[in-house]
Amino acid sequence: MIENLDPVLLSRIQFAFTLSFHIFFPAFTIGLASWLAVLEWRWLKTGNAVYAVIYHMWVKIFAVTFGMGVVSGVVMSFLFGTNWSVFSDKAGNILGPLLGYEVLSAFFLEASFLGVMLFGWNRVGRRLHFAATVIVAMGTLISAFWILSANSFMQTPQGFRIAENGLLYPVNWLQIVFSPSFPYRFIHMVTAAYLTTAFVAGGIGSFYLRGSRHIKEARVMLGMAMIMAVFVAPMQLLFGDMHGRNTFIHQPTKVAAIEGLWETQRGAPLNLFGWPDQEAETTKYAVEIPELSSLILTHELNGEVKGLKAWPKDERPPVLLVFLSFRIMVGIGILMISTGVSALVLYLRKRLFDAKWFHYWCMAMTPAGFAAVLAGWFVTETGRQPYIIQGVMRTSEAVSPVQGIPIAISISAFVLTYAAVFGAGSYYIMKLIGKGPETEAHIYGSHGVKGPPLITDLVSEEEGRHV
Amino acid sequence: MFSLEGSLDLPLIWFGLLVTALFLYVLLDGFDLGVGILFPFAPSDECRDRLMNSIAPFWDGNETWLVLSGGGLFAAFPLAYAILMPAFYMPVILMLLGLIFRGVAFEFRFKAVKSRFIWDYAFHFGSIVATFMQGMILGAFVKGVQVQGRSFAGNPFDWLNAYSFMTGVALLFGYALLGATWLVMKTDEITGDWARKCASYVLGYVGVFMGIVSISVPIMNAGVRHLWFSLPNFYYLVPVPLVTAALFIFIWRDLHRGVENRPFFLSIGVFLMGYLGLGISLWPWLVPFAVTFRQAAAAATSQSFLLVGTLVILPIVLTYTAFCYYVFRGKASREGYY
Numbered sequence: 008m009i010e011n012l013d014p015v016l017l018s019r020i021q022f023a024f025t026l027s028f029h030i031f032f033p034a035f036t037i038g039l040a041s042w043l044a045v046l047e048w049r050w051l052k053t054g055n056a057v058y059a060v061i062y063h064m065w066v067k068i069f070a071v072t073f074g075m076g077v078v079s080g081v082v083m084s085f086l087f088g089t090n091w092s093v094f095s096d097k098a099g100n101i102l103g104p105l106l107g108y109e110v111l112s113a114f115f116l117e118a119s120f121l122g123v124m125l126f127g128w129n130r131v132g133r134r135l136h137f138a139a140t141v142i143v144a145m146g147t148l149i150s151a152f153w154i155l156s157a158n159s160f161m162q163t164p165q166g167f168r169i170a171e172n173g174l175l176y177p178v179n180w181l182q183i184v185f186s187p188s189f190p191y192r193f194i195h196m197v198t199a200a201y202l203t204t205a206f207v208a209g210g211i212g213s214f215y216l217r218g219s220r221h222i223k224e225a226r227v228m229l230g231m232a233m234i235m236a237v238f239v240a241p242m243q244l245l246f247g248d249m250h251g252r253n254t255f256i257h258q259p260t261k262v263a264a265i266e267g268l269w270e271t272q273r274g275a276p277l278n279l280f281g282w283p284d285q286e287a288e289t290t291k292y293a294v295e296i297p298e299l300s301s302l303i304l305t306h307e308l309n310g311e312v313k314g315l316k317a318w319p320k321d322e323r324p325p326v327l328l329v330f331l332s333f334r335i336m337v338g339i340g341i342l343m344i345s346t347g348v349s350a351l352v353l354y355l356r357k358r359l360f361d362a363k364w365f366h367y368w369c370m371a372m373t374p375a376g377f378a379a380v381l382a383g384w385f386v387t388e389t390g391r392q393p394y395i396i397q398g399v400m401r402t403s404e405a406v407s408p409v410q411g412i413p414i415a416i417s418i419s420a421f422v423l424t425y426a427a428v429f430g431a432g433s434y435y436i437m438k439l440i441g442k443g444p445e446t447e448a449h450i451y452g453s454h455g456v457k458g459p460p461l462i463t464d465l466v467s468e469e470e471g472r473h474v
Numbered sequence: 028m029f030s031l032e033g034s035l036d037l038p039l040i041w042f043g044l045l046v047t048a049l050f051l052y053v054l055l056d057g058f059d060l061g062v063g064i065l066f067p068f069a070p071s072d073e074c075r076d077r078l079m080n081s082i083a084p085f086w087d088g089n090e091t092w093l094v095l096s097g098g099g100l101f102a103a104f105p106l107a108y109a110i111l112m113p114a115f116y117m118p119v120i121l122m123l124l125g126l127i128f129r130g131v132a133f134e135f136r137f138k139a140v141k142s143r144f145i146w147d148y149a150f151h152f153g154s155i156v157a158t159f160m161q162g163m164i165l166g167a168f169v170k171g172v173q174v175q176g177r178s179f180a181g182n183p184f185d186w187l188n189a190y191s192f193m194t195g196v197a198l199l200f201g202y203a204l205l206g207a208t209w210l211v212m213k214t215d216e217i218t219g220d221w222a223r224k225c226a227s228y229v230l231g232y233v234g235v236f237m238g239i240v241s242i243s244v245p246i247m248n249a250g251v252r253h254l255w256f257s258l259p260n261f262y263y264l265v266p267v268p269l270v271t272a273a274l275f276i277f278i279w280r281d282l283h284r285g286v287e288n289r290p291f292f293l294s295i296g297v298f299l300m301g302y303l304g305l306g307i308s309l310w311p312w313l314v315p316f317a318v319t320f321r322q323a324a325a326a327a328t329s330q331s332f333l334l335v336g337t338l339v340i341l342p343i344v345l346t347y348t349a350f351c352y353y354v355f356r357g358k359a360s361r362e363g364y365y
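If you read the sequences in order, they're chains S and B. Final position of the first sequence in the numbering used here is 474; the numbers increase by one with none missing. Final position of the second sequence in the numbering used here is 365; the numbers increase by one with none missing.
In C-alpha cells, the structure reads:
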C-alpha cells in the first residue's frame, strides 16, 4: 500500500487541509479588523465608553486569531514550492509577483501596526492608535486583494503567453491582476468575511443577553451585527448571483457541476436537491424546479445551459463535492437573510433585545459564516479541477518531485499540530468570550486607580491619557 | 510590454534585495528565536515574563521577513524556489511547525494559567526546532543540491547528514548570542545580569562553530578553496576573518565592562561577517553548485513589475518597522502587555 501513495492526491489533501484551516482566520480577521476600526471611531466620536470596552474585549480575540492566521499563512507561502514545484516554476513569472505584492503591501503593514494596536493603547496618542487600527484593517483588505487576484488568475487566466519551454510569461499586467472573475470574487469574499464576523459578534452578544450579562455591550454587539444581517446579507445574494453568472461565462464546467446538470438543454431546470453520480452520469433523487436554472444563469427562461456531458470525462470536476458544497453555502446565505428579516421585524416591534428564542437562534448561527466561506471555497477550487490553472495546466502536471511517504508524514504532522494548536486557540478564545468585556476595572485600571474617583481625589489627581 | 531590462541589471538587483531580506530575517527573527532558546534557563518566572515582553511587539513583524524571503524567491527566482523547496521538503515543514508552536505561544501563555508551562515549552522547543532546521538547511545548502533539468533530483533525505547537524547546532548558538545580547540591551537587574552571563557563555561556542564552518566550506569545495586561497584574492578577502575576530574581542570586553547596547550591534556585525563570507563562497550560485541566480531569474517583465512596487513600498516598510521599534524603545516593561 505504501508504494501506492499517490503524491498528487496527497499533495492535494495537504494543501486542502492547510488552506481550509488558514481561510478561517482571514475570513474572521478581515471583518473583525474593520469592525474594530468602526468601534474605535464611534468611541472617539461619541466618547461613549461602551465602544472602548467592546473594543478591548474583541482586540484580544483579534490578537489570538491574527497570531494563528500569521503562522498558518507563513506555511502557505512555502507549500507552493514544497508541494507544487512544477507549478511554481511554470507559473512563477505571473503568480510570484502577485504574491510578492501581497507580502510587501499587506503582511508588513498588518504585522507592524498590530503591535501598536495591541500594545500601544497607553503608549501612543488616540489618533495614532486609531490610525493603527485603520491601517491594520486596510492591510487585511489589501492582502485579500492580491491573494484573490492570484486565485482569480488561476480560475480565469488572461494576459499571458506560453513559451516554447512551457513557462507562462506575462503580457499585460493589468489584465492579469484584474482577470475576469477577480472583481466578483473580491466583493463576494470580503462581504462574506464581514458577514462571518457579524454573525460571530451577534452570536456572542446574544449569549450575554441570554445570561443577562454585560447587557449594555451585548446590545451594541447584537445591534451592529443585525444591521449587517439586514443590509449586507441580501446584498451578498446579489453579489453571489453576479459571480455565478461570471463563472457561467468563463468556467461553464464548474457551473454544470454546481447545477448537477448532465445534458445540455434550453430551459434547464434547477436541481434543488439531489445526489450526482459521476459514474452513471446522472443526478439521482433530483428535486427540480423547471427552467429556473436557465433563468438564473442566462436571465432567459429558454436560455441554453451546457451539461457535463458536453466535456470528456477527464475534463469534469468531482461533481458531488461541488454540488453539495454549493448547496451548503447558499443554504446558509438564505438562513442569514432570514435572520436579518426576523431581526428587522423584532426591532420594529421593539423586542430585538428580549426575544429569547431569537438569541438562541443567533447563538446557533455563530459559526454559520465560517461554514459558508469554507463551502464556497470548496465549490470554486474543486470546481476548477482537473485544472490547477483553468484550461492551461492540469493539477496532476503541477506536483513536486517529492515521494508519497514524506508527504504522508507531513500531512500527519500538520493534522496533529493544527489540532493541538488551533484547538488550544479556540479554547482560549472561548475563555475570553466567557469572561466577557471588562468594564469598570479596566477603565479605572488605566487611570492607575482601583475604583471610581471621589471629587476630593480628582482635584489632586493628574488626568489619565485614556479612558 | 513594460520592462526595465534595458536600463537595469534586474537579476542582480533582485539577488541583492533577496539576500538583504533574508539577512534581515536572520537578524530580526534570530534574536527572538534566540530568546526562545534561552527561555527556560532564565532564573525566575518574572524574568521569563520580561523576556516575553521584550519581544512580544516585534515577533510577527520579524517573521514577516521570512515570508518576504520565501515570497521574494518565488517571485524573482521561481526556478530556484521550485528546486529548493522540494529538496528541503522535510526541514522546511519542520521549521514551519516549530514556528507555529512558538508563534501561538506568545498569545496563549498570557491567557493560560494552569497550562502556562505547556506554552513555555512550546515556545522553547518551537524556537529550537525552527532554528535547528534553519541551520540544517544552511548546511545542506552549502554542500550543494542535486538538480536534473528544472527540478530537484536528489534523495528526500539528502539534507540529513553529520555536516548539516553541525550547522544546525551552530545556528542554535548563533541565535542564542543574538538573543542574549538583545536581552542585555532590553532588560536590567536580575534578568540583565543573567543575559550577560549567557551571552559570554555562548560567545565562545559561536566562535568555535564559525571557525569550523569557515574551514570546512573551502575543504569541501575546490572552487571555493581556489577563490579564498589564491593570490591576490587572499589579500582582498583576509579582512573578513580579521574583522570577525576583532568583533568577538569587542563583544567579550563590552560584556565584562557592563556596556548595555553595543554587544547586540556587534553580534549583528558577527552575523554580517559570517553571511558575507558565505556569500563570497557561494557567489553566484542560487542553488549551489547547479543553478546561478541569473539562470533562475524570472521573466524581465515579472521582475520589473514587482520591482516598481518594491522600490516604493520597501522604504515605507523599513520606516514603519523602525517606528515600531522606536515606540517600544527602552527597557521592556515588567507587566504583561496582554
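Backbone N, C-alpha and C define an ideal beta-carbon position, used for all residues, glycine too.
Could you check the C-alpha separation between residue i and residue j for me, to the nearest Å?
i: S/G314; j: S/I256; result: 14 Å
i: B/L187; j: B/M163; result: 8 Å
i: B/T208; j: B/V286; result: 10 Å
i: S/A293; j: S/P241; result: 27 Å
i: B/C225; j: B/D215; result: 14 Å
i: S/D361; j: S/A59; result: 24 Å
i: B/V267; j: S/G398; result: 53 Å
i: S/L277; j: S/L202; result: 27 Å
i: S/M4; j: B/L165; result: Outside the modelled stretch of chain S, which goes from 8 to 474, sits residue 4 of chain S, for which no answer is possible.
i: B/Y52; j: B/G63; result: 16 Å
i: B/S178; j: B/F277; result: 45 Å
i: B/A349; j: B/R356; result: 10 Å
i: S/R401; j: B/L54; result: 40 Å
Rounded to whole angstroms, how far is the Cβ of residue i from the Cβ of residue j, which I believe are closer than 8 Å?
i: B/S81; j: B/L230; result: At roughly 20 Å, the Cβ-Cβ gap does not stay under 8 Å, so B/S81 and B/L230 are not in contact.
i: S/I183; j: S/G166; result: 4 Å
i: S/T36; j: S/F85; result: The pair is not a contact, with the Cβ atoms about 21 Å apart (cut-off 8 Å).
Please list, in chain order, the chain S residues whose beta carbon lies closer than 9 Å to that of residue i.
i: B/E90; result: V77, V78, V81 and A118
Run through chain B and tell me which residues come within less than 7 Å of residue i, C-beta to C-beta.
i: S/P408; result: P113, S178 and F179
i: S/V399; result: Within 7 Å Cβ-Cβ: nothing; S/V399 doesn't reach chain B, min ~16 Å.
Can you name the residues of chain B whose CB is closer than 8 Å to the CB of residue i?
i: S/L101; result: Before going on, a small fix: residue 101 of chain S reads as Ile here, not Leu. The answer, in chain order, is S329.
i: S/Y108; result: L333 and G336
i: S/R130; result: V354 and F355
i: S/S92; result: Y108, A109, I110, M112, P113, S178 and F179
i: S/G74; result: D87, G130, V131, F133 and E134
i: S/S150; result: Those do not exist, as S/S150 stays about 11 Å from chain B at its closest Cβ, beyond 8 Å.
I want to verify the contact list: residues of chain S whose CB lies under 7 Å from the CB of residue i, in sequence order.
i: B/P311; result: By Cβ distance, chain S contributes nothing, its closest Cβ being about 20 Å from B/P311, past 7 Å.
i: B/V119; result: F85 and T89
i: B/P84; result: G122 and F126
Going along the chain, which residues of its own chain have a beta-carbon closer than 7 Å to the beta-carbon of residue i, five neighbours each way excluded?
i: S/E307; result: S301
i: S/G452; result: Residue confidence for S/G452 is low, a pLDDT of 44 falling below 50, so the modelled location carries little weight; the figure read from the coordinates is stated next. Cβ within range, chain order: n/a, list empty.
i: B/V244; result: V169, V251 and S308
i: S/A6; result: Summary: the structure shown does not reach residue 6 of chain S, with chain S confined to residues 8 through 474, and so no result is reported for it.
i: B/A197; result: G162, F236 and V240
List the residues of chain B whose Cβ lies closer than 9 Å to the Cβ of residue i, in chain order.
i: S/Y435; result: E134, F135, K138 and A139
i: S/V71; result: V131, E134, F135 and K138
Short check: CB of residue i to CB of residue j, under 7 Å?
i: B/P105; j: S/G376; result: no
i: B/L254; j: B/G61; result: no
i: B/A48; j: B/L95; result: yes
i: S/P14; j: S/I396; result: no
i: S/M372; j: S/F206; result: yes
i: B/V270; j: B/M300; result: yes
i: B/L111; j: B/M160; result: no
What does a CB cutoff of less than 8 Å around residue i pick up in its chain, not counting 5 residues either side in sequence?
i: B/V339; result: none
i: S/F137; result: A44, E47, W48 and L51
Along chain S, which residues have their Cβ under 8 Å away from the Cβ of residue i?
i: B/F128; result: T424 and V428
i: B/P245; result: What B/P245 touches in chain S: nothing, since even the nearest Cβ is about 30 Å away.
Among the residues of its own chain, which have a CB less than 6 Å from the CB of residue i, if the five just before and after it don't count?
i: S/S92; result: S407
Going by the C-beta, is residue i closer than 6 Å to any heavy atom of the ligand PLP?
i: S/S300; result: For the structure depicted, the ligand PLP is absent and the ligand set is empty, with no information on it obtainable.
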